[in-house]
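Working notes for the structure below.
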Amino acid sequence: MDKLSRLAINDEGFIFDPATGNSFTTNRVGLWIIQQLKDGKDTEQILQSLLDKFVVEPEVAQRDLMDFLAQLRVYHLI
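Taking our numbering, the leading residue of the sequence shown gets 3, the next gets one more, and so forth.
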């Protein structure tokens, strides 16, 4: 997750990539997922943690996590 470590992230969900000059925004769950990735967690670990931490149906959590990870790939962050 080397690319994630270079990001400047504030508590309101503003994310800045100094290497590219790109900026992004996300919500608190997105911030949490990014932190999990930075901590070295894999997709299954993040999904299980999502289910433990938030009130969400497993199918919804998995879909939303996969969508968010796909978005991070579009931005070349993972």
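The beta-carbon is built from N, C-alpha and C at its ideal position, and this holds for glycine as well.
As the structure is a prediction and not an experimental result, all values here were calculated from the model.
| request: Give me the Cα-Cα distance between Phe56 and Ile17, rounded to the nearest whole angstrom. | output: 23 Å
| query | Residue ranges of each alpha helix (DSSP H) run of no fewer than 4 residues wholly in the region 22-50, ordered along the chain? | reply | 30-40
| query | Under the DSSP definition of a beta bridge, which residues are partnered with Asp19? | reply | Asn24
| request: For the alpha helix (DSSP H) holding Val58, just list the boundary residues, first then last. | output: Run containing Val58: none; DSSP gives neither H nor E here.
| message | I'd like to know whether the C-beta atoms of Gln64 and Leu74 end up nearer to each other than 9 Å. | response | With contacts defined by Cβ atoms closer than 9 Å, Gln64 and Leu74 do not form a contacting pair.
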